[in-house]
Amino acid sequence: MKKVIELDNIRRDFQVGEEVVHALRGVSFSITEGEFVTIMGTSGSGKSTLLNTLGCLDTPTKGEYYLDGISVRTMTKSERAVLRNRKIGFVFQNYNLLPKTTAVENVELPLMYNTAVSAKERRKRAIDALMAVGLGDRLEHKSNQMSGGQMQRVAIARALVNDPAVILADEATGNLDTRTSFEILVLFQKLHAEGRTIIFVTHNPDIARYSSRNIRLRDGKVIEDTYNTNIQSAAEQLAQLPKNDEE
Amino acid sequence: MNITNLFKIALRALANNKMRAFLTMLGIIIGVASVIAMLAIGQGSKTSIQNQISTMGSNMIMIQPGADRMGGVRQDPASMQTLKLENFEAIRAQAKLVTAVSPSVSASGQLIAGSNNYPSQVTGANQDYLHIRQLKVKEGSMFTDNDIKTSAKVCVIGKTIVDNLFPDGTSPIGKIIRFNQVPFKVVGVLQPKGFNAMGMDQDAIVIAPYTTVMKRLLAQTYLSMIFASAVSEEYSPMAVDEISQILRREHNLKNGQADDFTIRTQEEISSMLNTTSTLMTTLLACIAGISLVVGGIGIMNIMYVSVTERTREIGLRMSVGARGVDILSQFLIEAIMISITGGLIGVLFGCGISMLVKYVANWPIYIQPWTVLLSFAVCTVTGVFFGWYPAKKAANLDPIEAIRYE
Ligand SMILES: Nc1ncnc2c1ncn2[C@@H]1O[C@H](COP(=O)(O)OP(=O)(O)OP(=O)(O)O)[C@@H](O)[C@H]1O
Ligand SMILES: [Mg+2]
């Protein structure tokens with residue numbers, strides 16, 4: 007299987023005044039195509055820092071990172087921007103949609119920064135991505151006219167639209183109630199089944215049951231890396247949830 | 064980066080914030096409109112003053128008795144008797160750089176024709192006076208050399224006099240009007256000229272042979288002024304020198320003795336008035352320039368605030384693959400579009416306001432194409448200049464911090 011991500015002894019230090027904070031202290035692992043990896047750990051263990059590194063938003067202080075076989079460490083800011091545009095899809099906890107903008111235009115955004123995609127193709131791919139997340143009937147809805155679950159679906163569609171090598175999600179269900187969280191998980195499992203590579207940072211230990219692999223961080227180090235041979239179906243769990251449960 | 068996409072991005076961003084875009088534009092609109100309107104008003108009054116001065120006379124030279132001493136107490140020229148008829152004749156005979164010379168004396172009093180009367184002055188002059196003051200006889204004819212020789216009681220009159228003495232519209236030619244009991248026959252009517260730059264009615268005028276005015280009305284032998292016309296504008300200063308030499312000789316003034324007369328040219332008066340109106344135009348332009356700068360600062364302020372306000376948006380754009388240059392371009396294009404649109408609206412408003420001033424307040428207005436171009440260019444440059452800094456700031460944001468920004 008092809009290695010999508012390869013980390014070799016990644017370190018990330020932050021200088022805070024006099025002190026140096028070691029957010030990542032030598033992280034090494036690789037992720038092959040089609041894996042659904044959950045990353046867990048206590049607050050401050052370095053999950054977001056790791057995800058930012060994986061997403062080429064941040065450069066490690068030390069260590070090598072290969073994304074889809076390309077070495078990221080020596081890239082310039084602009085080169086990393088282009089790499090993000092082609093290889094990565096982000097899903098954030100707070101959706102981060104453009105305000106007062108329609109679903110379709112939000113999903114089109116990454117392709118706006120890709121000259122190779124024509125206006126016509128861009129629109130078609132945005133609509134396809136919205137169909138894939140079950141929002142085919144909400145194309146022209148504006149971001150402020152949608153529920154949290156719908157906004158997160160738009161965000162997932164936006165992460166899908168550039169056909170990325172890996173989808174990175176940081177607490178993607180953190181702002182949603184149990185039921186909607188499961189709906190989003192069902193969607194991620196569907197994408198996983200279609201062969202997408204997904205890295206999902208979460209606080210919720212239950213979510214590990216629905217992924218194929220779980221990496222646990224503590225103090226900037228990997229303390230556990232297990233493969234899940236008994237992946238549960240989020241759809242089944244969703245069906246068992248009481249209907250009008252607010253929680 | 065594809066420029067069409069950048070325009071689309073910028074347009075969508077502007078459309079999402081119409082109010083902000085409009086407020087930014089407002090500064091530019093006000094700036095450009097006021098520059099255009101103020102320059103139009105300034106230039107308008109300047110041109111109208113220039114036009115009026117040029118109709119005042121043709122390369123006119125005015126010679127008055129009395130020295131134009133700086134600082135010292137100056138005597139009333141009317142009480143001075145140094146300018147004589149012989150001086151006029153000497154100038155006419157000797158000066159080569161003047162095409163026309165006329166003496167000038169005036170008497171004031173009441174004009175009466177039938178049951179109508181009107182207070183006026185009678186100017187005594189010769190035929191050259193018409194050329195010098197750019198007057199034309201519309202009806203009838205000018206008095207003749209013979210009239211001057213015989214001190215004939217004839218006159219030509221202006222439109223204001225005609226309107227007041229002959230309100231029923233009958234032709235005044237051949238009619239008798241009385242001035243301080245002396246009857247004058249009207250031989251000609253002058254073409255109307257309107258008001259001059261100083262606001263004086265140039266049609267309230269009665270011209271009679273100078274001999275008649277001197278002998279029959281005033282019983283005096285000296286002149287109040289001599290008018291002349293230089294052959295051309297550029298010879299005007301030399302003509303002044305020439306006249307000055309002739310008069311010094313006539314008045315037996317020794318070297319070192321000051322002139323006992325004053326010579327002024329039309330150019331001097333016009334440049335004096337021009338200085339005033341140039342000053343006014345400059346002042347107006349300064350005010351307008353300030354409003355333009357304020358408009359520019361408005362752009363900077365709103366662009367700057369919008370960078371802070373849109374930090375999350377910028378972070379998001381960067382996370383989906385926008386490079387620094389893309390963000391910079393987007394913000395610059397937004398600034399340029401706002402400036403250009405605002406500039407165009409400002410041009411329309413500026414011309415509109417000028418027209419309004421012209422037709423409602425009846426002020427002279429002159430819109431020069433270069434002022435429109437200049438203010439438009441300046442506003443666009445200001446907009447882009449003040450848009451640059453916030454755009455640069457936006458482009459240099461760190462994507463992680465930007466997207467986390469609350
Ligand atoms: N920009 C930064 N400057 C300084 N220190 C930082 C910065 N970003 C993260 N850190 C530090 O690095 C460590 C890891 O932070 P990180 O955000 O990765 O934690 P996390 O696992 O995502 O926590 P949480 O579950 O609360 O989101 C923390 O101690 C944090 O204070
Ligand atoms: Mg985090």
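Protein sequences, first through last, are from chains A and B. Using this note's numbering, the letters of the first sequence map in sequence onto residues 7 to 253. Using this note's numbering, the letters of the second sequence map in sequence onto residues 64 to 469. Note that beta-carbon positions come from the ideal geometry of N, C-alpha and C, so glycine has one too.
Report yes or no: is there a C-beta of chain B within less than 8 angstroms of the C-beta of Leu57 (chain A)? no
Using a Cβ-Cβ cut-off of less than 7 angstroms, give me the residues of the region 70-90 of chain A that come near chain B, in sequence order. Lys83, Ser84, Ala87, Val88 and Arg90
Note down the Cα distance separating Lys212 (chain B) from Ser108 (chain B), rounded to an integer number of angstroms. 44 angstroms
Cα-Cα separation, Glu127 (chain A) to Ser382 (chain B): 22 angstroms
Nearest by alpha-carbon distance to His194 (chain B): which of B:Phe85, B:Ala96, B:Lys278 and B:Thr118 is it? B:Thr118
Are the CB atoms of Val113 (chain A) and Ala135 (chain A) nearer to each other than 8 angstroms? yes
Verify the contact flag: Ala29 (chain A), CB atom, against every heavy atom of ligand 1, threshold strictly below 7 angstroms. yes
Leu174 (chain A), DSSP secondary structure in three states: strand
Below 9 angstroms on C-beta distance, what does Leu379 (chain B) contact in chain A? Phe96, Phe98, Asn102, Leu103, Leu104 and Leu115
Sort out for me which residues DSSP pairs Glu230 (chain A) with in a bridge. A:Arg222
Between the alpha carbons of Glu253 (chain A) and Gln393 (chain B), how many angstroms are there, rounded? Legend: pLDDT at Glu253 (chain A) = 48, less than 50; position of this residue unreliable, no value from coordinates given.
Which stretch, first to last residue, makes up the beta strand (DSSP E) that contains Glu202 (chain B)? Val200 to Gly203
In three-state terms, what does DSSP make of Asp461 (chain B)? coil
With distances taken from CA atoms, which of B:Ile91, B:Ala84 and B:Ile463 is nearest Ile360 (chain B)? B:Ile91
Below 7 angstroms CB to CB, which residues in the same chain sit around Asn80 (chain B) once its five sequence neighbours on both sides are set aside? none
May I ask you to list, following chain order, the residues of the region 354-379 of chain B that have a beta carbon less than 9 angstroms from some beta carbon of chain A? Arg375, Glu376, Gly378 and Leu379
To the nearest angstrom, report how far apart Gln115 (chain B) and Ser333 (chain B) are at their CA atoms. 9 angstroms
Leu141 (chain A) and Ala175 (chain A): beta carbons closer than 8 angstroms? no
CB contact check: Ser438 (chain B) to chain A, cutoff 8 angstroms: no
Determine the burial state of Val423 (chain B): buried for a count of at least 16 other Cβ atoms within 10 Å of its Cβ, exposed for fewer. exposed
From what residue to what residue does the alpha helix (DSSP H) around Asp226 (chain B) run? Lys222 to Leu228
Would Val78 (chain A) and Arg90 (chain A) be called neighbours here (beta carbons separated by less than 8 angstroms)? no
Assign Ala165 (chain A) to one of two classes, buried (16 or more other C-beta atoms within 10 Å of its C-beta) or exposed (fewer than that). buried
Are the beta-carbon atoms belonging to Leu379 (chain B) and Ala454 (chain B) less than 8 angstroms from one another? no
Say whether chain A places a C-beta atom closer than 8 angstroms to the C-beta of Val447 (chain B). no
Cα-Cα separation, Thr223 (chain B) to Glu152 (chain B): 32 angstroms
Could you name the residues that DSSP lists as bridge partners for Gln173 (chain B)? B:Pro182
Contact check, Gly47 (chain A) vs Arg224 (chain A), beta carbons under 8 angstroms: yes
How about Met157 (chain A): is its C-beta nearer than 8 angstroms to some C-beta of chain B? no
Check whether Tyr429 (chain B) and Gln113 (chain B) have beta carbons under 8 angstroms apart: no
Name, please, each residue of chain B whose Cβ falls closer than 9 angstroms to the Cβ of Glu24 (chain A). The contacting residues do not exist; Glu24 (chain A) stays about 21 angstroms from chain B at best.
Let's test the definition: count the other Cβ atoms within 10 Å of the Cβ of Lys317 (chain B) and tell me whether it reaches 16, buried, or not, exposed. exposed
Shortest alpha-carbon distance to Gln329 (chain B) belongs to which of B:Gln184, B:Ala293 and B:Thr145? B:Ala293
Chain A contact for Pro432 (chain B) (CB, 8 angstroms cutoff): no
How would you list, in chain order, the residues of chain B whose beta-carbon sits under 8 angstroms from the beta-carbon of Asp64 (chain A)? Ile463
Can you tell me the Cβ-Cβ gap for Lys68 (chain A) and Asn15 (chain A), rounded? I've got them flagged as a contact below 8 angstroms. 7 angstroms
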